[in-house]
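Per the working numbering, the sequence shown starts with residue 29, numbered consecutively.
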Amino acid sequence: MNTFGFIGVGNMGKAMLNGVLRVYNPNQVMITDASEMLRNNVAKETGVAVAETNIELANSVKYIILAVKPQCYDEVIRSINNVVTAEKIIISLAPGITTDYIQNKFSAQVRIVRCMPNTPALIGEGMTGVSYNPKEFDLEEMDVIAQFFSSFGKFRIVDEKLLNTVTCVSGSSPAYVYMFIEALADSAVKYGMSRNDAIEFAAMTVKGAADMVLTTKEHPAVLKDRVCSPAGTTIAGVAALEENGFRHSIIAATDKCYEKCTGLK
29 MNTFGFIGVG NMGKAMLNGV LRVYNPNQVM ITDASEMLRN NVAKETGVAV
79 AETNIELANS VKYIILAVKP QCYDEVIRSI NNVVTAEKII ISLAPGITTD
129 YIQNKFSAQV RIVRCMPNTP ALIGEGMTGV SYNPKEFDLE EMDVIAQFFS
179 SFGKFRIVDE KLLNTVTCVS GSSPAYVYMF IEALADSAVK YGMSRNDAIE
229 FAAMTVKGAA DMVLTTKEHP AVLKDRVCSP AGTTIAGVAA LEENGFRHSI
279 IAATDKCYEK CTGLK
């Protein structure tokens, strides 16, 4: 039996798949997707097996990764309902779709791992929140789950009620960071720097600053203050950000993201 089966190999499913293949052999993985072209292209690129249908995949693997959009969950679960039994493990990526909701859609009792990864998983730098009931899994299964999520970055076990928060702070927020990099690069281009150089300077600065937070373990405010000399250039820029609602904009974006999560099933 194949170990892992991905139902859906779009952006997030493909990112996780690439991570899994750093640890597991292609013959331990199976995929399917509503797009025949996509699933065949991914199979050709990675060497994994292809299932023509969801039910074929669910029959063939132990760990079933539901890497489809939340609005597709009901249809996908109906398609595999008759073959998912207690020995199978469902790994759900969907924001806002609770464990109870998924369980109630299956006829049999199933074991569910909910998670919220992010797109940096594509390069092995993902950050994933994971939630499950350890009483439902043996030690070997928990080791496999840990190895699975470690294959594309770091993960933390969190209470399920915090997964919507994880969506806000790491699942959706790469988009905000990309916007910040783009805006910072635009500002450098405005003053004569080439586009390529501006993007590299901005992206490396974000990367380096993030590594400083993670490496030093110091509060971001402390690190910020060390860059801000009295009456200097940086504090002038910080003041302009505050005047234009920088923090408020980030918190407001998180509020909107959270509202969207809680408004899902």
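Ideal Cβ placement from N, Cα and C applies to all residues, glycine included.
message: What does the Cβ neighbour count give for T81, buried or exposed, with the cut at 16 atoms within 10 Å?
response: exposed
query: How about K288: is its C-beta nearer than 8 Å to some C-beta of chain D?
result: The chain labelled as chain D is not found in the depicted structure, where only one protein chain is given.
- prompt: Between L45 and V37, is the Cβ-Cβ spacing less than 8 Å?
  reply: yes
message: Please classify P145 as buried or exposed, where buried requires at least 16 other C-beta atoms within 10 Å of its C-beta.
response: buried
query: Can you name the residues that DSSP bridges to Y91?
result: F32, I117
message: On the DSSP letters alone, give me the boundaries of the beta strand (DSSP E) that R50 sits inside.
response: Unbroken run through R50: none, as it is neither H nor E.
query: Is the CB-CB distance between I140 and T127 below 8 Å?
result: yes
task: Assign M155 to one of three DSSP states: helix, strand, or coil.
output: strand
task: Counting only the same chain and skipping the five closest in sequence on each side, list residues whose C-beta sits under 8 Å from that of L251.
output: A237, M240, V241, T244
Which of helix, strand or coil DSSP assigns to I125: coil
- prompt: If you draw a straight line from the C-alpha of F176 to the C-alpha of P258, how long is it?
  reply: 48 Å
field: Rounded Cβ spacing between V104 and V96 (contact assumed at less than 8 Å)
entry: 6 Å
Burial state of S159 (16 or more Cβ within 10 Å): buried
- prompt: Terminal residues of the continuous alpha helix (DSSP H) containing V104?
  reply: 101 to 108
query: Can you name the residues that DSSP bridges to C143?
result: V158
- prompt: Looking only at DSSP bridge pairs, what is K182 linked to?
  reply: M155
- request: Compare the beta carbon distance of G33 and Y101 with 8 Å and say whether it is the shorter of the two.
  value: no
message: With H, G and I counted as helix, E and B as strand and the rest as coil, what does DSSP make of A226?
response: helix
query: So, P54 versus V76, is the Cβ gap smaller than 8 Å?
result: yes
Sequence-distant residues of its chain with Cβ nearer than 6 Å to I227 (five each side left out): A213
Outcome for I279 when other beta-carbon atoms lying within 10 angstroms are tallied against a minimum of 16: exposed
- prompt: What first and last residue would you give for the alpha helix (DSSP H) that runs through V217?
  reply: 202 to 218
task: On the DSSP bridge assignment, give the partners of I59 in chain order.
output: F34, V78
query: With distances taken from CA atoms, which of K189, E270, T195, T31 is nearest E115?
result: T31
field: Same chain, Cβ closer than 8 Å to N192, neighbours up to 5 away in sequence not counted
entry: P123, G124, Y286, C289, T290
Option in I118, K284, A281 with minimal Cα separation from E169: I118
- request: Please report the Cβ distance between A43 and F180, rounded to the nearest whole angstrom; I am assuming they are in contact, meaning their Cβ atoms lie under 8 Å.
  value: 6 Å
query: Run through DSSP, which three-state label would S198 get?
result: helix
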